[in-house]
Structures are given as C-alpha cells and as structure tokens.
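Visitor:
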C-alpha cells in the first residue's frame, strides 16, 4: 500500500513503538541489573540504573548447593536443586505430553477417533482454573502417597499440558497432505513406517515448537507446584515464592539473580520458536 | 519392512497395524490418565464439598457427611464473594487493555520497515518470562523509593511517591499492570498473525473502488478478523480469571485483601486455614461461575472453525 | 468513456526491471489484450494503470487526465482480479453494493442499481447468498457485476478466467465480449493464454521481459509476427523453426539448413545465421514439385485435422497440419513443401524478423 497521507507517520509510529519497547524492557533491565548489585546498592534514592560496583556475589550465593543459609538475619534460598527439579518435572512431563498428544492429534486428524468434539472437550480441561483441581488433588495424592513426589507433579503437568499439545499438533498434522501418506501406503509401507518416514519428518519442527511451548508453560507454573509439592520437590517458582514470603526485608540481589536464572533459558527458547509459535496457537482459525 | 523374526512378533505387528487398533493406541494411555487422575479428582471434589472436613480432623473418609453446609457457608462468605467479583473485575480491565494494545502494536508493525524485526522480538519477550518472576520483579520496581516512582517523578516534574504495594487501589492497578505487561505480547502475536492472514486481493479491489483506509478497515478487515479476535479474547480471558502468581508475588494479596483473587483466597482457605471442604465447595461454585464462560468460548471456537472451513477464502 | 495512454512507462523492483519503458495508446472503446508468459510485465503494467503500483518512470493518461500519481479510487476504474476478490463475509448483494456504499450513494438508489446490474449479468437470484456457496461461473458474474455497478470509464481485467474450467471459460469469454459490445467502454485485459487473446482482442499487445514485442490486430500478429518470440507464442501447435544460414544469391537469397535448402527469389535478406519459421498448417504433403523427403514418425488426429510429425533429417521433426481425410501411417515415406508466401525468416541472434 502506498504510504499516502500523513507524512509524519513514520515518526509517530516509531515514537509509539519505542514507548512500548521501553515499557517492555524496563523491568527486565532492572532485574538483570539488580542481580549484579551489592546489597548497599539495592535500594537507593535516587535509584541506581547501573551498578557502581558490579558483582557476582548474588549468583554465587544462590547457586551453591544446599537449601538455605542465614546471613545477617536474612534467609538466602538456594536455587541449584530447584533448577534441577524444574528441569526434571517440566522436561519429563512435557516430553511425555508431546509424545502422547501428537499421537492422539494424528489419530483424531486422520481417523476422527474420539469423535468430532474430542479436542474441544479436552480444551475445556485447560479452561478450568487450576485451584479447582488442586484441592482434591492434594487429598487424592496424600492417599496415594504421591504428594511431594516427582511422579505426582509430572502426572499432573502431563494431564494439563495435553490439551495444548493436542491443539498445537493438530495444526501441524493438518498441514501434512494426506496424499503423501496414501502414496506411501500404496507403495507398501506399514502405518508405522508411514508415521516414521512421512509424518514425523514433516512435523518435526512442529513437535519441537510444541515441546518448547509446553516446557515453558510447565517451567513457569506455580499454583499446582505449590500445592502438590514443597520440600522434596521444589521447582523454581516455588522457591521464588518462598523467598518472597521469607524475606521481610527484601533480599533483592539474590532474588534478582534467581529471577534472571529462571528467565534466561525460557527467553532463549522463546526466541527460537517465535516464528513457529503462531501456527500452533491458531486453533486452526488463522489463514495461512 | 518385512516382518522378520519370530512368528509371534509378526502377528503382534500385524495386529497393531489394523486401523481399528492403530488409531486407538494413543487414546488408551491418555484416557487412562484422565480416568485415573482427573475423574476421581472431580468426584473427590464433589464428595469433599459435601463434608465439613478440616485436615486437622483426621482422615477424610471418616469425616461426617454434612450435605450442603459447606456451600451455604461459602455463599455467605463475603470474603469469597468479594474475591470472585474482584477476579472478574481484574480480568474485565486487563483483557480489553491487552486486546487494544496488542491490536494497536500489531497494526503499527504491519508493513515492513527498518527495525520491525527488532521491535517484534522485543514485544514478544514478556510472554516467555515466568509469571512468578514478573510478579517479584515488579514488586522490586514498585517500592516507594523505587525506579518506577522515580520515572513518574521525572514526568510529573515533582517528587511522586505512589505507594504501589501498600495502598488499596494502586496495588490493584499494579496487579492488573503486571498482567497487561506480560500478556499484551500474546495478543500482539495473535493479531500479527491475523493481520498477515488477511486476503490481499479483496483489499486491493476495495482500493480500486475508491474505499478510504478507514472504510477498508471497518467494512472489510475488521469483519475478516473476527475469528482472530475471538481467539484472543478466549485465550486471554481464560487465563486472566486464573490469576494467582501476580497477587502472590507482587503484593501477597495485600494490602488487606485488595488484590486477593479467588485463586489466592481458595488457596488460603485450603492451605492456610486447612478448611478443605470449604475450599472444595468454593471451588465448585467457581467452576459453575466459569463453566458458563467455558461453554460459550467453546461454542464460539467451533462456530468460527466451521465457518472457516465452509466459507474458505474466496 | 476514456482512452488510455502509456508514455515511457517503467517499473523497477530492486534489481529487476519488470516493465522497461513501454509506450502504448489505447483509443476509447477498444478491447486491448496484454498477453505474454509469466513475468513479462503485463500484470505490473495493469497494476500501474490501476494505481496499485507506482511507476518508477513514465506517465499514465486516462482520458485527458494525467493519473500517474492518482489514488486508485480516484481513477474511475472497474477491476476484476484473478481470484475474483469477492468479500467472503458479505452477501452477493453487499458485495455488489460496496462500491456504491463507498461513494455514499443513497440506499434506495443502491438497491435499484444493484438489482439492475444483477439482472444484466443474470445473478439476480443469487443476491442473498455468500461467495463461498457460488459456483465458479456465478462468482465470475458477481465480480463483473461489482465492476459494472459504478459504470466506470475503463475496465481492467487480470486473468479473470484462469480459475475456470475449459467449458466455462469459453462461455465467459463470449459474455465479456458481448458486454464490451454493449458498453463500448475501454477494456484492458491481461492473460497468458494466446487463444483468449486471439478471440477477444480488438488489438493484442504482446509483452516479453518487460517490453512490448508487437501491437496489432489478432490476425496481423498471427500472420505477420514481428519477431521469433511473437511467432512462437501464437498458434497451437507452435510454429516450426528451422535453424540455418542465409546466403545472398543473384536476384534473391538462399536459405540452407541441415537437411533443407530453398531459394527465396526476389528477396534481399542479407546473409548470416537465420531461423526459418513456418506454421504447421502451411506445411503441405505433396507428391510432385519441389519438395523434401521425410518419414512420418507420429500422427495425432484432432478430428477436424491431423497433425503429422515428419522426420526429414533435421535436428527435430517438423509438424504438419493436414486434412483429416488423408490416409497416413507411421513409417510412411512422404514428401513435403512449404507455402512460400507464408514463410518467415528471423535473425538467429536477435530474433528480429527479416524482410525486404
């Protein structure tokens, strides 16, 4: 379209975009900066935009093994184990969810198994506020002795990730033309071979995107983790929350370090899948 | 692929090959998971709500059946009702803001120009950050002597100290602000995709007919964006009603109950006060409140999907 | 009613010259077809006339107005797109009414005009339906109706029939021509299909690589091609080309190829590498007179004629179009000749037509 009319338009556009970009980057910038500040610089007036004496001490404090230390009346919670716990729970939960969910999406897309409403019904699971399922889950898990275990949380994450996996993979599976599979079958390939040699390569990027997406989702999840685990298993969001309630006098430096550590991997992952995020998100409603 | 090996393995393979078996394979574990996990969960929820049980009173299977007492208590609990109302109110403010901002940003970034890629990457950042981190991060920014107040002072020309975390309305604005900050990225993403998917030639035809930009936008682009808007509204409001992380980390649901969303209150009832049955009853009431919404959302989704496959893109 | 004039019109995309300085005058009321292979610049030219693309050089005149910088909406045009571009979310009525609504015509007037046009194009019974439910032909007519309703001075059409099946295409061709006859407006029609160009145009503009190769009436372009490209573009099956050399002879010229040689008395054509072109219908099977021997390698009966592929010793076969009654079989040895007055010669390097 010709850029007619309003000659100042590019200027206005950049102003507005810059404004929001500033709003977006400001909190992130501040957190990262704080993580490198020494205690004296955390709360100053006027606030320091750049640490005058940058330091890695917050990271050191937070990354050494152990659960917590007391220092100057402040409790510093360690993040090493929570990182591991988050990785285990999110990683395994998301992985299994993707495996099962993609197979299911394929089955529904090609055979209509489960009925036409199946994906919609599954989606309604996701629409239920987690607090609603948290309450009975605790009781249920206590009885099954799954409370505060890896298995318990993984199972729950698995169940809550499946709706998203199914919807996202549906979009990707529908992109593979059925004719390709039929051609392979006519050539004598078994259904398994078709899956392996035709469908899998063509949906590979979709699988990766879906996995990363639900991984980020599970990695960030707080409520269910808080209610169903706490001591043996302690994911990063839980740790962050503990920190918040533990420290009346705010322990900003180490907290910012935790925040940065928690955020960095998912931001990187998010960048990688940016372009592909859309196809999965569209619920099949976006034209190509 | 020939079935080499023991005859038993070949037969198993062939059995798995049959469409009837093949297509049900993934369903078995998934349905099993739901049946073993979610179904008893729901039944338990209902059952617990019919008791008046607290964790301190021994095993739940021994607790006395008290019928709808918990429900009555819940409906008389003004704190609960306030939390419910508050949650819907927060969503009602946050979601439209996110939709408008996301849409505006998407429109601004529509045509390619220098630096567009950088802007879009930046705008998508907040979505990836752990919400708990966002909550905590903003709590750091919003302290009385914090950088945010400093910036405000700069713009206002005088010293501004809004007590974001310790006063009623500012705290609420802060929580809403956290949601908007993080999730505008999502509406931006969805609208960007929607705008990119608009069919080109009808718009050119309209230009040849002499339609002004506004006319094209209002009569052609906007109606064609309806499914996209539907997705954005559904996605965001679904999630906004579950708000938990921001109140917990930003304000600890304070000051007082200013930012106590229903999820936070329910958590307190269940875990801090250990009144499990009350929590269960309230959960069910919440579910009913949300159920209507879920049904409408699903109906809209189905309708738009169906319409798209039927209408196609002419 | 308005004629169109293109003056040194050019469009450059980055490093590509899509349209390379073309001059064209289209008198008011003429049905002009821009034809050429994909990428030749015909659609870009059309888009520039419409105002959807801004020329990088040159000017466009519609009537007495220099419209080069004008917005598309100000040029009083009607345009039909390849995909028809109907608004999927509106009914047929609203689709046709849209241009009137844009100009803020009164609702009663809109109603009247839409129904009138609907009757003209025979879509009156479809007014309440949506585009997705229409058949190909019906959608076409609705697209036409939408352009007709504003009574534009110029109609632009960008390959409107390419999405239709063969039978429908022929029907719509006639419709459009009839419309032109009734309205007597200027029509600029873009297509890559040479048959469409031949049947519909008052004049044909052949384009290739951003330049105009030839402008003329259909029979003229067909019988008197300006260069090898135009000669090979028209006609199915395509013209036969034989590569060889021209030698000057006393009183004329002689063309010599691998297995062919003929004298061209009275023609001074210079000398050097040349290409001889002759259409299949001008290749005759004879039994006497100056001719060359050949063997029949393939026969394709068309029903009203028969295509015969002749191996004569040259690098590729010649195609002859002969009467359907001729009895032929693969392997037959026959002699052939050309209709001398229908032979054309081209410069081998430039492709330009050689003539006295």
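Protein chains in written order, with this note's numbering: chain A, 1 to 288; chain B, 1001 to 1314; chain C, 2001 to 2356.
C-beta: ideal position from N, C-alpha, C; glycine also.
Could you run through the segment 170–198 of chain A and flag, in chain order, every residue whose CB is less than 8 angstroms away from some CB of chain B?
Guide: Result list: 189, 190, 191, 192 and 193.
Visitor: Rounded to a whole number of angstroms, what is the C-alpha to C-alpha distance between residue 1242/B and residue 1130/B?
Guide: Each residue's Cα considered, the two are about 15 angstroms apart.
Visitor: Starting from the Cα of residue 1041/B, find the closest Cα among 161/A, 117/A, 41/A and 141/A and give me that residue.
Guide: The candidate whose alpha carbon is nearest that of residue 1041/B is 141/A.
Visitor: With DSSP collapsed to three states, give me the class of residue 1053/B.
Guide: In this structure, residue 1053/B counts as coil in the three-state DSSP scheme.
Visitor: Give me, in chain order, the residues of the same chain whose beta-carbon lies closer than 7 angstroms to that of residue 1265/B; leave out the 5 immediate sequence neighbours on both sides.
Guide: So the list reads 1079, 1080 and 1083, once near-sequence residues are dropped.
Visitor: Could you check what DSSP says for residue 1259/B in three-state terms: helix, strand or coil?
Guide: Three-state DSSP puts residue 1259/B in coil, outside helix and strand.
Visitor: Pull up the DSSP beta-bridge partners for residue 1207/B, would you.
Guide: DSSP, once it has assigned bridges, lists no residue as partnering residue 1207/B.
Visitor: Are the CB atoms of residue 1187/B and residue 1098/B nearer to each other than 8 angstroms?
Guide: Yes, these two residues count as a Cβ contact at 8 angstroms.
Visitor: Compare the C-beta of residue 2309/C against all C-beta atoms of chain B and say whether one is closer than 8 angstroms.
Guide: Chain B, which has no Cβ nearer than 8 angstroms to the Cβ of residue 2309/C, makes this no.
Visitor: Where does residue 2324/C fall in DSSP's three states?
Guide: Note: residue 2324/C maps to coil in three-state DSSP.
Visitor: Between 2160/C, 2259/C, 2167/C and 2166/C, which lies nearest to residue 2176/C when the distance is taken from Cα to Cα?
Guide: Comparing Cα-Cα distances from residue 2176/C to each of 2160/C, 2259/C, 2167/C and 2166/C, the minimum goes to 2160/C.
Visitor: Let me check understanding here. Comparing Cα to Cα, which of 1054/B, 1184/B and 1224/B lies closest to residue 1199/B?
Guide: Checked all of 1054/B, 1184/B and 1224/B; the closest Cα to residue 1199/B is 1224/B.
Visitor: Distance, Cα to Cα, residue 1092/B vs residue 2013/C?
Guide: Approximately 48 angstroms, taken between the alpha carbons.
Visitor: Shortest alpha-carbon distance to residue 1139/B belongs to which of 1251/B, 1218/B, 1308/B and 1270/B?
Guide: Comparing Cα positions, the closest option is 1251/B.
Visitor: Starting from residue 1065/B, trace the beta strand (DSSP E) both ways and give me its first and last residue.
Guide: Here residue 1065/B belongs to no beta strand (DSSP E), and DSSP marks it neither H nor E.
Visitor: Going along chain A in order, which residues have a C-beta closer than 7 angstroms to the C-beta of residue 1024/B?
Guide: Residues of chain A passing the Cβ test: 113.
Visitor: If we ignore side chains and look at the alpha-carbon of each, how far apart do residue 272/A and residue 2277/C end up?
Guide: Answer to the nearest angstrom: the Cα atoms are 58 angstroms apart.
Visitor: Does the distance from the CB of residue 2099/C to the CB of residue 2149/C come in under 8 angstroms?
Guide: Result yes, Cβ atoms of residue 2099/C and residue 2149/C sit closer than 8 angstroms.
Visitor: Indicate whether at least one CB of chain B lies closer than 8 angstroms to the CB of residue 222/A.
Guide: Judged by the 8 angstroms Cβ criterion, residue 222/A is in contact with chain B.
Visitor: Within 8 angstroms (strictly less), CB to CB, does residue 1166/B reach chain A?
Guide: No, no contact with chain A.
Visitor: Buried or exposed for residue 2011/C, please, with buried defined as at least 16 other CB atoms from any protein chain shown within 10 angstroms of its CB.
Guide: The residue in question, residue 2011/C, is buried, as its Cβ has 16 or more Cβ neighbours within 10 Å.
Visitor: Which of the residues in the segment 133–163 of chain A, read from start to end, lie with their CB under 7 angstroms from any CB of chain B?
Guide: Correct list: 133, 135, 136, 137, 139, 140, 155, 158, 159 and 162.
Visitor: Which residues in the same chain have their Cβ closer than 6 angstroms to the Cβ of residue 2257/C, if we skip the five residues on either side of it in sequence?
Guide: Cβ neighbours of residue 2257/C beyond the five flanking positions: 2242 and 2244.
Visitor: Once the 5 residues before and after residue 31/A are set aside, which same chain residues still bring their CB inside 7 angstroms of it?
Guide: Answer for residue 31/A: 256, 259 and 260, listed in chain order.
Visitor: How should residue 2122/C be labelled, buried or exposed, when 16 other C-beta atoms within 10 angstroms of its C-beta is the threshold for buried?
Guide: It is exposed - the Cβ of residue 2122/C has fewer than 16 other Cβ atoms within 10 Å.
Visitor: Less than 8 angstroms between the beta carbons of residue 2158/C and residue 2080/C, yes or no?
Guide: Yes, the Cβ-Cβ distance between residue 2158/C and residue 2080/C is below 8 angstroms.
Visitor: Under three-state DSSP, which class holds residue 1164/B?
Guide: Of the three classes helix, strand and coil, the one that applies to residue 1164/B here is coil, per DSSP.
Visitor: Using a Cβ-Cβ cut-off of less than 9 angstroms, list which residues of the segment 32–46 of chain A approach chain B; keep chain order.
Guide: Against chain B - using a Cβ distance shorter than 9 angstroms - the residues of the segment 32–46 of chain A are 34, 42, 43, 44, 45 and 46.
Visitor: Which residues in chain C sit within 7 angstroms of residue 1151/B, going by Cβ to Cβ distance?
Guide: Chain C residues near residue 1151/B: none, gap ~43 angstroms exceeds 7 angstroms.
Visitor: Give me, in chain order, the residues of the same chain whose beta-carbon lies closer than 7 angstroms to that of residue 122/A; leave out the 5 immediate sequence neighbours on both sides.
Guide: These residues qualify, in order along the chain: 162, 163 and 166.
Visitor: Of the residues 2125/C, 2084/C, 2302/C and 2054/C, which one's Cα is nearest the Cα of residue 2237/C?
Guide: Closest option to residue 2237/C, Cα to Cα, is 2302/C.
Visitor: Can you tell me which of 2288/C, 2289/C, 2317/C and 2292/C puts its alpha carbon nearest to the alpha carbon of residue 2299/C?
Guide: Among 2288/C, 2289/C, 2317/C and 2292/C, the Cα nearest to that of residue 2299/C belongs to 2317/C.
Visitor: Which same chain residues, not among the five before or five after residue 1001/B, have their C-beta less than 6 angstroms away from its C-beta?
Guide: Reliability fails at residue 1001/B, whose pLDDT of 44 lies under 50, so the model's placement of it is uncertain and the value that follows must be treated cautiously. Within the same chain, residue 1001/B has no close Cβ partners at all.
Visitor: Using only alpha-carbon positions, find the residue among 131/A, 60/A and 234/A that is nearest to residue 1284/B.
Guide: When each option's Cα is compared against that of residue 1284/B, the closest is 131/A.
Visitor: Of the residues 1116/B, 1113/B, 1182/B and 1122/B, which one's Cα is nearest the Cα of residue 1133/B?
Guide: Of the listed residues, the one whose Cα sits closest to residue 1133/B is 1182/B.
Visitor: Does residue 92/A get closer than 8 angstroms to chain B when you measure Cβ to Cβ?
Guide: Answer no: the Cβ-Cβ gap between residue 92/A and chain B never drops below 8 angstroms.
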